[in-house]
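What the sequence shown shows, in UniProt numbering, is residues 1 to 144, in sequence order. Note that CB positions come from ideal geometry on N, CA and C, so glycine has one too. First the structure, in the form of structure tokens, and then the observations on it.
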Amino acid sequence: MNQIHNSNLLEVGHFHRIDINLYPLFIAIFEQKSISKAAQLLCISQSAVSHALQRLRSQLGDELFVRSGQKMLPTPYAEQIYQPIQTALLTIQIIAVPQQDFVPDMLHSLKIAIHDEIEPIIFPQLVHHFAQLNLDIQFLSSKL
Numbered sequence: 001m002n003q004i005h006n007s008n009l010l011e012v013g014h015f016h017r018i019d020i021n022l023y024p025l026f027i028a029i030f031e032q033k034s035i036s037k038a039a040q041l042l043c044i045s046q047s048a049v050s051h052a053l054q055r056l057r058s059q060l061g062d063e064l065f066v067r068s069g070q071k072m073l074p075t076p077y078a079e080q081i082y083q084p085i086q087t088a089l090l091t092i093q094i095i096a097v098p099q100q101d102f103v104p105d106m107l108h109s110l111k112i113a114i115h116d117e118i119e120p121i122i123f124p125q126l127v128h129h130f131a132q133l134n135l136d137i138q139f140l141s142s143k144l
């Protein structure tokens, strides 16, 4: 069984051996307790998940998950690393995908797909609502 290293020093030379794409897969299997459900969640094939899990097992030197009936149960090492991996991935996500606040003033046009029958009912209300907000928006509609 592998152990977590308690070093606070970042060893940047080790990163060329790390496939970070395997870690969201680890989280998906851990939370879903299933290869097939993890595959559905990640929109990849069950075979791709199985092969990726084999690479992660090799990389981390632990079985990570063992089959018990229909479920994939985490090993003690997988239990130990779940929270640090989840925290690290959330941190990377926050950095890589910055959240932008919606600023209505930046909206110049709004295109809505709508049925002909309800367009006369909905559009006047939308125009009125945005006019009250003093927003200069061009409304476009396309037929469904």
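Exercise for review: State the CB to CB distance for the pair Ser50 and Ile35, rounded to an integer number of angstroms; the pair is presumed to be in contact (CB under 8 Å).
Suggested key: Reading the sequence shown from its first residue, position 50 is the one you call residue 50. Reading the sequence shown from its first residue, position 35 is the one you call residue 35. A Cβ-Cβ separation of about 6 Å places Ser50 in contact with Ile35 under the 8 Å criterion.
Check your understanding: Any idea if Asp19 is buried or exposed, counting beta-carbon neighbours within 10 angstroms, 16 or more meaning buried?
Key -> Taking the sequence shown and counting its residues from 1, one reaches residue 19 at position 19. Classification for Asp19: exposed.
Review point. In whole angstroms, what is the alpha-carbon distance linking Ala118 and Gln138?
Key: Working through the sequence shown from its first residue, we reach residue 118 at position 118. Working through the sequence shown from its first residue, we reach residue 138 at position 138. Note that residue 118 is Ile in the sequence shown, not Ala. One C-alpha to the other measures close to 19 Å.
Check your understanding: What span of residues does the alpha helix (DSSP H) with Ser58 cover, start to end?
Key -> Numbered from 1 along the sequence shown, position 58 holds the residue referred to as residue 58. Per DSSP, Ser58 belongs to the alpha helix (DSSP H) from 46-60.
Review point. Lys143 lies in the beta strand (DSSP E); which residues open and close that run?
Key: Against the sequence shown, residue 143 aligns to sequence position 143. Element bounds for Lys143: 138-143.
Check your understanding: Three or more C-beta pairs closer than 8 Å, one from the stretch 105-125 and one from the stretch 52-72: is that the case here?
Key -> Output reads no: the stretch 52-72 does not touch the stretch 105-125.
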